[in-house]
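A.B. asks: Chains as they are written, first to last, in the working numbering: chain L, 243 to 592; chain X, 243 to 592.
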């Protein structure tokens with residue numbers, strides 16, 4: 243059924259039924275003019291991020307389930323980057339009247355899976371028609387105690403990242419090069435242990451699913467990294483959304499410091515290295531400026547290293563905070579100026 | 243200058259400079275991954291509403307200044323409808339790369355005027371490119387003590403509305419019928435004491451600016467009604483966004499009661515009555531189902547009447563809560579079933 247055959251009110255009623263949650267801190271949830279919370283004395287964190295069709299996502303590539311999941315994750319990632327815990331979600335959705343009801347509920351299933359995974363509740367939102375492109379926007383409210391800002395890095399601090407970098411950008415590049423048939427299988431989640439096929443310079447290349455999957459999934463439905471352990475010791479933290487270097491520049495700007503990063507220390511997954519090679523892309527370029535990693539980038543005094551050893555995430559020291567300059571040490575040990583490459587909306591060079 | 247010549251980061255830097263606010267409850271404002279607040283023990287209210295080009299607004303009709311102001315107001319109105327006080331704003335803006343910088347800052351000037359008027363601070367947001375239509379979305383966080391829900395109305399309560407109804411819908415109808423020249427003058431705020439011209443059935447009609455202005459302004463930049471006085475006594479409250487009857491139905495649904503409304507008690511401004519007559523529109527239809535009034539609709543026990551007498555807003559009792567039925571008493575004293583007419587996204591009859 244199409245959304246215009248159902249109507250906003252019936253959809254909202256159903257959303258309210260599916261998402262009503264038992265939580266002692268929620269005085270009023272979905273269904274009134276505003277939601278009402280009883281704060282428990284902790285600090286309150288708030289962030290918002292929107293995703294626009296044709297800019298942030300292409301519905302030919304990303305299935306609605308993954309899109310809903312990703313919208314929650316990218317907002318949760320911002321709360322994590324402050325050392326907070328995500329608690330509540332507000333959701334704005336604008337989509338065409340002739341959109342399928344199935345598409346709508348798949349999107350909500352993605353949102354639902356994500357908020358359950360992160361231990362959050364849906365508090366409310368707005369559902370309305372769009373004339374053309376679909377737009378989704380989320381606000382996440384979290385709580386926290388020790389807040390980690392971007393501006394606390396000091397000279398001598400070590401620079402760390404979680405996970406591996408460039409997987410998402412490589413996954414996106416792969417998604418664009420898949421054959422129509424393989425892409426359709428990814429979209430419909432029909433793939434299991436099969437291979438996917440991509441074309442490069444009119445050549446058909448086979449790639450094992452176990453190599454392609456982590457890259458595609460990191461792009462399609464990233465999981466925000468839990469910062470609980472790092473937040474105890476980090477002096478500064480940010481999540482890598484626009485690219486390692488551009489986000490490291492933000493820490494340097496706010497902290498009034500410089501940074502030295504060793505290219506050969508940057509964690510790159512085997513899957514990414516191999517797939518980038520097949521597509522003739524530079525894995526380092528993907529890792530430092532690909533963006534949408536949603537890994538955490540943080541700084542820590544050198545003597546804290548042992549204390550985060552029991553963190554379940556892979557943590558890699560990629561360099562250190564220095565006084566002023568922003569330097570990359572390349573594979574040959576040569577120092578180069580670091581360039582803040584990454585994604586910027588409205589695409590200016592300034 | 244166009245936005246793509248400036249770039250997201252420069253725009254954000256400027257927004258941050260203009261909107262950085264001194265407020266002891268804001269621990270971290272604009273410019274980090276998330277904003278951080280220190281709650282002062284009050285309940286926290288949250289609401290979100292989005293506005294889409296081609297659905298909620300037409301840039302041929304509404305100037306960017308008014309659009310920015312209105313976005314804040316419609317969200318503040320939701321907080322007011324709960325008896326809360328609006329404190330913080332988060333703003334999501336998606337617009338085309340080739341949009342003018344002037345348009346952008348006019349939008350922000352409207353946002354800025356509104357948050358100053360309501361005593362709020364800008365906490366953060368997201369700024370990004372849109373492929374086609376512009377989309378703006380706001381989340382408002384407020385605080386409150388005595389929260390007024392939709393579901394508290396009891397049999398015998400009187401039904402009240404603030405202000406006059408239908409002005410916004412009438413103003414919108416007028417805006418659509420203005421001559422190009424008059425509309426351009428409204429857009430560019432060049433009008434003072436002049437008249438505006440509209441066409442009806444190919445006939446050119448002159449309308450005094452002092453009649454047209456309150457209707458146009460109620461549509462273009464509504465001011466949310468302060469609920470502080472009513473919140474002390476109201477048993478239920480909602481803001482009229484979709485139309486009097488549809489929003490009264492919401493109170494009835496949540497409160498498990500009926501309602502009787504007297505058509506001749508519904509407050510209609512002289513300006514609206516006169517302008518509707520010129521356009522051959524039914525003023526009562528505009529008043530009960532026009533929508534976008536952003537007036538408050540609330541219920542109160544009969545013995546509270548005297549206590550809100552010193553409220554600065556015009557308050558009108560339009561009927562009373564009854565057991566089950568939803569009835570309109572028409573101009574001739576005849577009882578008719580009330581119909582929940584009003585705007586619904588995805589436009590279904592269900």
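Quick reminder that beta carbons are idealized off the backbone N, C-alpha and C, glycines included.
Using only alpha-carbon positions, find the residue among X:262, X:554, X:468 that is nearest to residue 364 of chain X.
C.D. replies: Per the Cα distances, X:262.
A.B. asks: Using three-state DSSP, classify residue 454 of chain L as helix, strand or coil.
C.D. replies: It is helical.
A.B. asks: Kindly list the residues whose CB is nearer than 6 angstroms to the CB of residue 336 of chain L, restricted to its own chain and excluding five residues on each side of it in sequence; keep chain order.
C.D. replies: So the list reads 370, 372, 377, once near-sequence residues are dropped.
A.B. asks: By the criterion of Cβ-Cβ separation under 8 angstroms, what are the contact partners of residue 530 of chain L in chain C?
C.D. replies: Included in the structure are the protein chains L and X, with no chain C among them.
A.B. asks: Go through its chain and collect everything with a Cβ distance to residue 352 of chain L's Cβ below 7 angstroms, but skip five positions before and after it.
C.D. replies: So the qualifying residues of the chain are 306, 307, 308, 309, 310, 311.
A.B. asks: With distances taken from CA atoms, which of X:265, X:266, X:267, X:271 is nearest residue 255 of chain X?
C.D. replies: When each option's Cα is compared against that of residue 255 of chain X, the closest is X:271.
A.B. asks: Contact between the segment 503 to 511 of chain X and the segment 434 to 444 of chain X: three or more CB pairs below 8 angstroms?
C.D. replies: No, the segment 503 to 511 of chain X is not in contact with the segment 434 to 444 of chain X.
A.B. asks: Using the beta-carbon of each residue, which ones in chain X are nearer than 8 angstroms to residue 292 of chain L?
C.D. replies: Those within 8 angstroms of residue 292 of chain L in chain X are 334, 336, 368, 370, 377, 379.
A.B. asks: Assess contact between the segment 533 to 542 of chain L and the segment 315 to 322 of chain L, defined as three or more Cβ pairs (one per stretch) separated by less than 8 angstroms. Is contact present?
C.D. replies: The segment 533 to 542 of chain L vs the segment 315 to 322 of chain L: in contact.
A.B. asks: Whose Cβ in chain L lies nearer than 9 angstroms to the Cβ of residue 288 of chain X?
C.D. replies: Those are 276, 277, 278, 279, 288, 330, 332, 365, 366, 381, 383, listed as they occur along chain L.
A.B. asks: How big is the Cα-Cα spacing for residue 564 of chain L and residue 383 of chain L?
C.D. replies: Each residue's Cα considered, the two are about 34 angstroms apart.
A.B. asks: If you draw a straight line from the alpha carbon of residue 592 of chain L to that of residue 390 of chain L, how long is it in whole angstroms?
C.D. replies: Low confidence applies here, because residue 592 of chain L scores a pLDDT of 34, under 50, leaving its location unreliable; read the following figure in that light. Going from the Cα of residue 592 of chain L to the Cα of residue 390 of chain L covers about 28 angstroms.
A.B. asks: For the putative contact between residue 325 of chain L and residue 479 of chain L, defined by C-beta atoms under 8 angstroms, what is the C-beta separation to the nearest angstrom?
C.D. replies: Yes, they are in contact, since the Cβ atoms of residue 325 of chain L and residue 479 of chain L sit about 7 angstroms apart, within 8 angstroms.
A.B. asks: Which of the three DSSP states is assigned to residue 517 of chain X in this structure?
C.D. replies: Residue 517 of chain X: helix per DSSP, three-state reduction.
A.B. asks: Could you say if the segment 403 to 410 of chain L and the segment 446 to 465 of chain L meet the contact criterion of at least three C-beta pairs nearer than 8 angstroms?
C.D. replies: Cβ pair count under 8 angstroms is three or more, so yes.
A.B. asks: List the residues of chain X whose Cβ lies closer than 8 angstroms to the Cβ of residue 265 of chain L, in chain order.
C.D. replies: Going along chain X, no residue has its Cβ under 8 angstroms from residue 265 of chain L, so there is no contact; the nearest lies around 14 angstroms.
A.B. asks: Between which two residues does the alpha helix (DSSP H) carrying residue 338 of chain X extend?
C.D. replies: Careful: residue 338 of chain X lies outside any alpha helix (DSSP H) and carries neither H nor E.
A.B. asks: Just confirm the distance between the C-beta atoms of residue 521 of chain X and residue 415 of chain X, as a whole number of angstroms; I'd bet it's less than 8 angstroms.
C.D. replies: The pair is a contact, with the Cβ atoms about 6 angstroms apart (cut-off 8 angstroms).
A.B. asks: Below 9 angstroms on C-beta distance, what does residue 323 of chain X contact in chain L?
C.D. replies: Those within 9 angstroms of residue 323 of chain X in chain L are 274, 275, 276.
A.B. asks: DSSP on residue 546 of chain X, reduced to helix/strand/coil?
C.D. replies: Note: residue 546 of chain X maps to helix in three-state DSSP.
A.B. asks: Give the C-beta separation of residue 303 of chain X and residue 449 of chain X to the nearest angstrom, bearing in mind that I take them to be a contact with Cβ-Cβ under 8 angstroms.
C.D. replies: Not a contact, Cβ separation roughly 17 angstroms.
A.B. asks: Between L:555, L:577, L:267, L:381, which has its C-alpha nearest residue 315 of chain L's C-alpha?
C.D. replies: Per the Cα distances, L:381.
A.B. asks: In chain X, which residues lie with their C-beta within 9 angstroms of the C-beta of residue 373 of chain L?
C.D. replies: Correct list: 294, 295, 296, 297, 374, 375.
A.B. asks: Alpha carbons only, please: which of X:425, X:546, X:489 is nearest the one belonging to residue 225 of chain X?
C.D. replies: Residue 225 of chain X lies beyond the residue range present for chain X, which begins at 243 and ends at 592; the question has no answer from this structure.
A.B. asks: Taking 9 angstroms as the threshold (beta carbon to beta carbon), is residue 500 of chain X in contact with chain L?
C.D. replies: Residue 500 of chain X does not count as touching chain L.
A.B. asks: At a CB-CB cut-off below 7 angstroms, which residues of chain X make contact with residue 568 of chain L?
C.D. replies: The premise fails here: residue 568 of chain L is roughly 16 angstroms from chain X at the closest Cβ pair, so nothing lies under 7 angstroms.
A.B. asks: Report the residues of the segment 476 to 503 of chain X with a CB closer than 7 angstroms to any CB of chain L, ordered along the chain.
C.D. replies: For the segment 476 to 503 of chain X, which is checked against every Cβ of chain L, the residues closer than 7 angstroms are 480, 481.
A.B. asks: Just to confirm, are residue 476 of chain L and residue 483 of chain L a CB contact at a threshold of 9 angstroms?
C.D. replies: Cβ atoms of residue 476 of chain L and residue 483 of chain L: not closer than 9 angstroms.
A.B. asks: Extract the residue ranges of the beta strand (DSSP E) inside the segment 262 to 350 of chain L, only unbroken runs of 3 or more that lie entirely within it.
C.D. replies: Entirely contained in the segment 262 to 350 of chain L, the beta strand (DSSP E) runs reaching 3 residues are, in chain order, 268 to 270, 277 to 279, 285 to 294, 327 to 337.
A.B. asks: Compare the C-beta of residue 393 of chain L with all C-beta atoms of chain X and state if any pair is closer than 9 angstroms.
C.D. replies: Chain X contact via Cβ: present.
A.B. asks: Determine the direct distance from the alpha carbon of residue 488 of chain L to that of residue 581 of chain L, and round the result to whole angstroms.
C.D. replies: Rounded to the nearest angstrom, the two C-alpha atoms are 8 angstroms apart.
A.B. asks: Under 9 angstroms, Cβ to Cβ, is there at least one residue of chain X near residue 614 of chain L?
C.D. replies: Any answer about residue 614 of chain L is impossible in this case: the structure gives chain L only from 243 up to 592.
A.B. asks: Residue 269 of chain L touches chain X at which residues, Cβ-Cβ below 8 angstroms?
C.D. replies: The contacting residues are 285, 389.
A.B. asks: List the residues of chain X that residue 300 of chain L touches, going by C-beta distances under 7 angstroms, in chain order.
C.D. replies: Within chain X, no residue comes near residue 300 of chain L; the closest Cβ sits about 10 angstroms away, beyond 7 angstroms.
A.B. asks: Got a sec, what are the start and stop residues for the alpha helix (DSSP H) residue 472 of chain L sits in?
C.D. replies: Looking at the DSSP string, the run of the alpha helix (DSSP H) that includes residue 472 of chain L is 470 to 473.
A.B. asks: Across which residues does DSSP place residue 427 of chain X in a beta bridge pair?
C.D. replies: Beta-bridge pairing links residue 427 of chain X to no other residue.
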